[in-house]
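Have a look at the structure below, then the notes.
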Amino acid sequence: MTNSDTQHRSVYIWVCEGTWRASVDAALSLAPAGARFTLLHVTSADVPDAARGAYAGLFGRGHRAGDDPGTRLEKMAANSARDLLEAAADRLGRRCERLEIQGRTERAVVAASADADLLVVARDGDQTRLGPKSLGKITRFVVDHAACPVLLVWPESAPDVATIPPPPHHPAPVLPGGST
Amino acid sequence: MGFQHRLLGGDALNAAVSETVSLIALLAVLAWAVVRPRGWPEAVAAVPAAVILIAAGAIPAGGAGAEARQLGPVIGFLAAILVLAHLCDDDGLFRACGGWMARTRAGQSESAGSRRLLAQVFVIAAVTTAVLSLDATVVLLTPVVFATAARLEVRARPHVYACTHLANSASLLLPVSNLTNLLAFGASGLAFGHFAALMAVPWLAAIGVEYVVFGRFFASDLNAGDPNVRPRRDRARADRDRDTGLPVFTVVVLALTLAGFAGASAAGINPAWAAFAGAVVLAARGLARRRVAPASLLRAADLPFLLFVLSLGILVKAVTDNGLGRALTPLLPGGTSLPALLAVAALAAVLANVCNNLPAVLVLLPLAAPSGAGAVLAVLLGVNIGPNLTYTGSLATLLWRRVLRHHGSSPDLGEFTRLGLLTVPAGLVIGVLALWAGLHALGG
């Protein structure tokens, strides 16, 4: 690759609570020099909606707008997302774009990163053994559906290869026509 | 009246007309409460509806008066608890809880911290719901829990969902934990302490079921985290500076109020007076220090809500007395055998899910009361745990919200429902088993 090829590579870093440091660090050490970084965070409406639903379930309370915990959670979620992107930008220490999206997390990440040259994703499931459970449901969707190349990193050092269970014992397959 | 009866062709027809009119009035008020046109208070529909039923003779004035006399102390109790919770919030009790949760996490990894935070949220939400009612957990505690999760950089979803679930399932313990309990408390004929003793194990059992299910259901959210990092120091320090200490005076008053509930009830005095006394002490202190405005106290007491409860009680009484009671009686098994209690709790949970647990408990109480305190408490298990099947507490509210589609992205209904299907039936069965065992050990 020549220098000009790598200059404008766009690298998306999916910033998630809990795992964003590993993603930022992986992007710093593995992305090509001169890459354009985008920090991507998605705020899901689920959590404020859960609070709003619980408030709606309180029958007969008049439901004054100022009391709705969903509205307060929405504001706090926006602040928290801004803080998180700022912290990630600090750790990255490079010029970067910040992209804050509201919606269904897994679909928003896939859509936003569709034209990227690389999407950095951290595993967020079981960290103690190698295997499919090391990805949560949402992260699994992103890895399965991403339209761009994905860099999938462990948030800490990866578990030992020995954590993979031994293969099941099947009788050796009989090759068709083979006599040896 | 007797002359009119004969003109109309007898009592049967008159009762049928009264039942129809009452039922239409009740359904209209419930629909109003779900739809909330123009955001007007529910009392705007409920009070005139109750007045019309009394004026039309669908419920005799004496019957309505008796219902009002029975509901009056309950509503006073409710107002005192609402004000008490508001004053606790003003005194920084919930902020102090948030600060405690954040501080005790210091030095722990994010994943271990997230699980520990969940345990702390369970303890605080269960106690808040039990002592200050489910309203306090939903309105006052949930934002604090979200802020704490954000501050600790852990995913907020399991912790916020825990608040919404425990607001229902942890509202079993005390008569003050839920308006449904307050309504049933009188019908059960139990003393405050006896009520709490019978409900303590079902309460713990329901919370235990929630905790086990949450730990597995949200395993991925709780595990997400890098064990080698700490939240940024500068932010942690800024957050700590904002932390308030535990408001000791408020906690002491709250503890004395709780002791007062049991003491007053044992002495034959309405425990509402203890709640009233606690609220007066905190309000007087807040007003003297000019930290509380009189208007905010009146607002916290929520007069329209109190009027709504009173009117709803009269409307439901009109409907039950004119025929619905007789129609439902065969559906409700008598006695306090284990299968009977399970059936009562299941029926209560279903009815609560159709519309809401408030009308459900009003309908079921007079039917369950003759079978004794055990049946009344089984109704409470159903109407308090049941609403967790939908995240809005009832299908009617849920469907209306789907029709409105307030928000661009609709919540993941499947996830809420799966969580509800995992916790509600298990919580109901284990809760009823615990209640049944308690009834045998302590007596109903």
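Protein chains in written order, with the working numbering: chain B, 745 to 924; chain Y, 1128 to 1571.
Cβ coordinates follow ideal geometry from the N, Cα and C atoms, glycine included.
The model shown is predicted, which means the values in this text are computed figures rather than measured ones.
Helix, strand or coil at Y/Leu1197 [DSSP, three-state]: It is Gln, not Leu, that sits at residue 1197 of chain Y in the sequence shown. Helix.
So, using beta-carbon positions, are Y/Thr1079 and Y/Glu1280 closer together than 8 Å? Chain Y is shown from 1128 up to 1571; residue 1079 of chain Y falls before or after that span and cannot be answered.
Close beta carbons around B/Arg873, own chain, < 8 Å, minus the five adjacent residues each side: Counting only Cβ-Cβ distances below 8 Å, and skipping sequence neighbours, we find Pro903, Thr907, Ile908.
Determine contact between the region 805-813 of chain B and the region 1262-1272 of chain Y, defined as no fewer than three beta-carbon pairs at a distance below 8 Å. Contact holds: three or more Cβ-Cβ distances are below 8 Å.
Counting only Cβ-Cβ distances shorter than 7 Å, please list the residues of the region 794-824 of chain B near chain Y, keeping chain order. Cβ contacts with chain Y: Ala794, Ala795, Gly797, Ala798, Tyr799, Ala800, Gly801, Leu802, Phe803, Gly804, Arg805, Gly806, His807, Asp811, Pro813, Arg816, Leu817, Met820, Ser824.
What residues in the region 750-779 of chain B bring their beta carbon closer than 8 Å to a beta carbon of chain Y? For the region 750-779 of chain B, which is checked against every Cβ of chain Y, the residues closer than 8 Å are Cys760, Glu761, Gly762, Thr763, Arg765, Ala766.
Establish whether the CB of B/Gly880 and some CB of chain Y are separated by less than 8 Å. B/Gly880 counts as touching chain Y.
Nearest by alpha-carbon distance to B/Ala890: which of B/Pro912, B/Ile845, B/Leu783, B/Leu863 is it? Comparing alpha carbon positions, the residue from B/Pro912, B/Ile845, B/Leu783, B/Leu863 closest to B/Ala890 is B/Leu863.
Does DSSP put B/Asn747 in a helix, a strand or coil? Caution is warranted here: a pLDDT of 46 is assigned to B/Asn747, below 50, making its placement in the model unreliable, and no coordinate value can be reported.
Have a look at the DSSP bridge pairing and note the partners of B/Glu844. Bridge partners of B/Glu844: B/His785.
N-terminal and C-terminal residue of the beta strand (DSSP E) that Y/Ile1186 is part of: Judged by DSSP secondary structure, Y/Ile1186 falls outside any beta strand (DSSP E); it is assigned neither H nor E.
Looking at the secondary structure, which residues open and close the alpha helix (DSSP H) in which Y/Asn1279 lies? Here residue 1279 of chain Y is Leu; the residue named in the question, Asn, does not match the sequence. DSSP places Y/Leu1279 outside any alpha helix (DSSP H), giving it a letter other than H or E.
Per DSSP, which one or two residues make a beta bridge with B/Ala866? According to DSSP, which records beta bridges pairwise, B/Ala866 is partnered with B/Val897.
Please determine if the region 1239-1246 of chain Y and the region 1283-1290 of chain Y are in contact, where contact requires at least 3 C-beta pairs separated by less than 8 Å. The region 1239-1246 of chain Y vs the region 1283-1290 of chain Y: in contact.
What are the residues that DSSP puts in a beta bridge with B/Tyr756? BP columns for B/Tyr756 point to B/Thr782, B/Leu863.
Helix, strand or coil, according to DSSP, for Y/Trp1167 in the structure here? The answer is coil: DSSP assigns Y/Trp1167 none of H, G, I, E or B.
Measuring straight from C-alpha to C-alpha, what distance separates Y/Pro1493 and Y/Gly1313? Distance between the alpha carbons of Y/Pro1493 and Y/Gly1313 is about 11 Å.
State the Cα-Cα distance for the pair Y/Leu1425 and Y/Ala1207, rounded to the nearest angstrom. Cα to Cα, Y/Leu1425 sits roughly 11 Å from Y/Ala1207.
For the alpha helix (DSSP H) holding B/Lys819, just list the boundary residues, first then last. Per DSSP, B/Lys819 belongs to the alpha helix (DSSP H) from 813-836.
Rounded to a whole number of angstroms, what is the C-alpha to C-alpha distance between Y/Ser1536 and B/Pro792? Unreliable positioning characterises Y/Ser1536 in this predicted model, as indicated by a pLDDT of 46, which lies under 50. The coordinate reading is nonetheless provided below. One C-alpha to the other measures close to 12 Å.
Kindly indicate which residue of Y/Glu1194, Y/Ala1172, Y/Gly1203 has the alpha-carbon position closest to the one of Y/Leu1430. Per the Cα distances, Y/Gly1203.
Expressed to the nearest angstrom, what Euclidean distance is found between the alpha-carbon atoms of Y/Asp1218 and Y/Val1303? Going from the Cα of Y/Asp1218 to the Cα of Y/Val1303 covers about 20 Å.
Please list the residues of the region 852-883 of chain B that have a C-beta atom closer than 7 Å to any C-beta atom in chain Y, keeping them in chain order. Answer set for the region 852-883 of chain B: Asp868, Gly869, Asp870, Gln871, Gly880, Lys881.
Excluding five sequence neighbours on each side, which residues of the same chain lie with their C-beta closer than 6 Å to the C-beta of Y/Gln1131? In this prediction, Y/Gln1131 has a pLDDT of 46, which is less than 50 and means its spatial position is unreliable; nothing more can be read from the coordinates.
What residue range does the alpha helix (DSSP H) around Y/Cys1224 cover? Per DSSP, Y/Cys1224 is one residue of the alpha helix (DSSP H) stretching across 1220-1231.
Tell me whether Y/Ala1182 is buried or exposed, calling it buried when 16 or more other Cβ atoms sit within 10 Å of its Cβ. Here Y/Ala1182 is exposed. Its C-beta has fewer than 16 other C-beta atoms within 10 Å.
CA-to-CA distance, Y/Ala1297 to B/Ile882, given in whole angstroms: Taking the straight line from one Cα to the other gives about 30 Å.
Taking contact to mean 3 or more Cβ pairs, one atom from each stretch, closer than 8 Å, check whether the region 1405-1423 of chain Y and the region 1434-1441 of chain Y are in contact. Touching, no, given that fewer than three Cβ pairs across the two stretches are closer than 8 Å.
Which residues of chain B have a Cβ atom closer than 8 Å to the Cβ of Y/Thr1231, listed in chain order? Within chain B, no C-beta atom comes nearer than 8 Å to that of Y/Thr1231; the closest sits roughly 18 Å away.
Got a sec: is the Cβ-Cβ distance from B/Val791 to anything in chain A below 8 Å? Of the protein chains in the structure, B and Y, none is chain A.
Does the separation of the CB atoms of B/Ser878 and B/Asp888 fall below 8 Å? 8 Å or more divides the Cβ of B/Ser878 from the Cβ of B/Asp888.
Does the beta carbon of Y/Ala1162 sit closer than 8 Å to a beta carbon anywhere in chain B? Inspection of the sequence shows that residue 1162 of chain Y is occupied by Val rather than by Ala. Closer than 8 Å: no.
Using CA atoms only, rank isn't needed, just tell me which of B/Ser788, B/Ser754, B/Ala770 is closest to B/Arg848. Nearest option by C-alpha distance: B/Ser788.
For the region 1482-1511 of chain Y, which residues have a CB atom closer than 9 Å to at least one CB atom of chain B, in sequence order? Per Cβ criterion, the list reads Cys1482, Asn1483, Asn1484, Leu1485, Pro1486.
Going by C-alpha distance, which of Y/Trp1167, Y/Gly1166, Y/Ala1173, Y/Val1144 is nearest Y/Leu1154? For Y/Leu1154, the nearest C-alpha among the options comes from Y/Ala1173.
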